[in-house]
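Here's the structure, in structure tokens; my notes come after.
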Amino acid sequence: MLHGLLSRRLGRDLLENVWAGTIPGLLPDEEVSCLDDLAHALELNGYRVKKRAQRQSPKGLLEVPLLVQTRNGSEIWVGAHHPLVHPDAGYHPLQGAADILGTQVVYLADAHLARYALPTAYKKLQREIEAD
């Protein structure tokens, strides 16, 4: 049953979006927190990860919520997006920095899936890592 995937906060955010046009988002601490289990799963499967990694961007120092080093040595910047906001909407600072740098791979995990459906979130991220 889907009951385990329901969230009062998600419902509230949906209503605020519909009634007031508010675009929901995540605070930096919420973003890092929702990626904790995903980071742990990656470590268990042999990936090197670093939380709150600092990287230089054209606009200054940028905090990457989760940095994954692939087996071939490249980096994937992992952030999280609110489940009601499409990951390609352009609201995430990692996307902006990657667009300017031109070579960085960015993956934005659905924060709700990362918290409540870890196997699904992990499989999606793993596909991105293996495509790199």
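Heads up, the numbering used here is the position in the sequence shown plus 18, with the first residue counted as 1. Heads up, the beta-carbon is just placed ideally off N, CA and C, and yes, glycines get one too.
Proximity of the stretch 119-127 to the stretch 28-48 falls short of the contact definition, fewer than three beta-carbon pairs being nearer than 8 angstroms. Between residue 53 and residue 98, the CB-CB gap stays under 7 angstroms. Residue 30 has its alpha-carbon roughly 36 angstroms from the corresponding atom of residue 65. When Cβ pairs closer than 8 angstroms are counted between the two stretches, the stretch 54-61 is seen to touch the stretch 137-144, the count reaching three or more. Residue 26 counts as exposed, since fewer than 16 other beta carbons sit within 10 angstroms of its beta carbon. In this structure, the beta-carbon distance from residue 105 to residue 84 does not fall below 7 angstroms.
In the three-state DSSP reduction, residue 99 falls in the strand class (E or B).
The Cβ atoms of residue 61 and residue 70 do not sit closer than 7 angstroms to each other. Collapsing the DSSP output to three states places residue 76 in coil. Annotated as distal: residue 96 and residue 103, with beta-carbon spacing of 7 angstroms or more.
Sequence-distant partners of residue 116 (beyond 5 residues in either direction) whose C-beta falls short of 6 angstroms from its own C-beta, in its chain, are 122, 124.
Counted as a single uninterrupted DSSP element, the alpha helix (DSSP H) harbouring residue 143 occupies residues 136-149. Per DSSP, the beta-bridge partners of residue 71 are 82. The residue from 144, 76, 136 with its alpha-carbon nearest to that of residue 113 is 76.
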